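Following: one structure in structure tokens, then a few remarks.
Residue numbers (the working numbering): 104 to 215.
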């Protein structure tokens, strides 16, 4: 998995199978993943640091050891509260990443 600097606060590595994408993210504190949605179901495993997820009228703070599940098409946003290492699993695979059409993510970030 080659590292990709997606924006100023995010480094992403990922592998894709026929039906799944698994990603490793290094996220700088102060970074933001802007509000977006996607067809992919998402499971986020926080290995270190802290993230604040906002969706469906609620906020969830996830810390090391926490797992967050995000259903398909649910609009969500993530604020990186402190430097974090995260594993994300998506199904179906993230074709937008392969095609580099994930423009919401490539916007200038904060941090790093």
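For glycine and all other residues, C-beta sits at the position ideal for the given N, C-alpha and C.
Note that the structure is a prediction, hence the values are computed from the model and not measured.
Could you round the C-beta distance between residue i and residue j to whole angstroms and report it? I think they count as a contact, below 8 Å.
| i | j | result |
| --- | --- | --- |
| residue 125 | residue 190 | 7 Å |
| residue 235 | residue 171 | Outside the displayed span of the chain (104 to 215) sits residue 235, for which this structure offers no information. |
| residue 131 | residue 186 | 6 Å |
What separation, rounded to the nearest whole angstrom, lies between the Cα atoms of residue i and residue j?
| i | j | result |
| --- | --- | --- |
| residue 214 | residue 122 | With a pLDDT of 42 at residue 214, under the threshold of 50, the modelled position of this residue cannot be trusted; read the value that follows with caution. Roughly 32 Å separates the two Cα atoms. |
| residue 163 | residue 192 | 18 Å |
| residue 252 | residue 179 | No answer is possible for residue 252: the residues shown for the chain start at 104 and end at 215. |
| residue 209 | residue 110 | 5 Å |
| residue 117 | residue 157 | 24 Å |
| residue 203 | residue 177 | 21 Å |
| residue 195 | residue 136 | 20 Å |
| residue 160 | residue 119 | 31 Å |
| residue 107 | residue 115 | 5 Å |
Could you give the residue range of the alpha helix (DSSP H) that holds residue i?
| i | result |
| --- | --- |
| residue 122 | Segment: none, residue 122 is in no alpha helix (DSSP H) and carries neither H nor E. |
| residue 209 | 206–209 |
| residue 200 | 198–202 |
By the DSSP assignment, the beta strand (DSSP E) with residue i in it spans what residues?
| i | result |
| --- | --- |
| residue 191 | 179–194 |
Does the stretch 112–128 come close enough to the stretch 151–168 that 3 or more CB-CB pairs lie under 8 Å?
-> no
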